[in-house]
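Everything below concerns the one structure shown next.
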Amino acid sequence: TPALKSVCELVGSDKLMYGTDNPFFPPKEGARSDAEWPSTSKNYDAIDGLVGEDIRNDIVWGNASRLLGIEPINKNN
Numbered sequence: 001t002p003a004l005k006s007v008c009e010l011v012g013s014d015k016l017m018y019g020t021d022n023p024f025f026p027p028k029e030g031a032r033s034d035a036e037w038p039s040t041s042k043n044y045d046a047i048d049g050l051v052g053e054d055i056r057n058d059i060v061w062g063n064a065s066r067l068l069g070i071e072p073i074n075k076n077n
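FYI, in full-length UniProt numbering the residues of the sequence shown are 1 to 77.
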């Protein structure tokens, strides 16, 4: 959404983290994999379409990794 892009510009992408309270239930039929929930994928795709790869990676896992002082298991997602 345009709001995400505006927040990135206003406070900086280094202060944003992606989070979700999913899953509460099994994935819907038609999901790309058994571990995929369409609503989570839709939100992730929205981030992917609005910002570049470096900023997306920071929002999705990099900022949390730095904040918590942990290494991510898979940096590609």
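Even glycine gets a Cβ: it sits at the ideal position worked out from N, Cα and C.
Whole-Å CB distance - residue i paired with residue j, under 8 Å assumed
| i | j | result |
| --- | --- | --- |
| D54 | D14 | Incorrect: roughly 11 Å between the Cβ atoms, too far for contact. |
| V60 | I70 | So it is not a contact: roughly 14 Å between Cβ atoms. |
| L50 | L10 | No, L50 and L10 are not in contact; Cβ-Cβ is about 14 Å, not under 8 Å. |
Residue i (DSSP reduced to helix, strand or coil)
| i | result |
| --- | --- |
| V60 | helix |
| Y44 | helix |
| residue 89 | As shown, the chain starts at 1 and ends at 77. That puts residue 89 outside it, with no answer to give. |
Residue range of the unbroken alpha helix (DSSP H) whose run includes residue i
| i | result |
| --- | --- |
| P72 | Per DSSP, P72 belongs to no alpha helix (DSSP H) and is neither H nor E. |
| V51 | Segment: none, V51 is in no alpha helix (DSSP H) and carries neither H nor E. |
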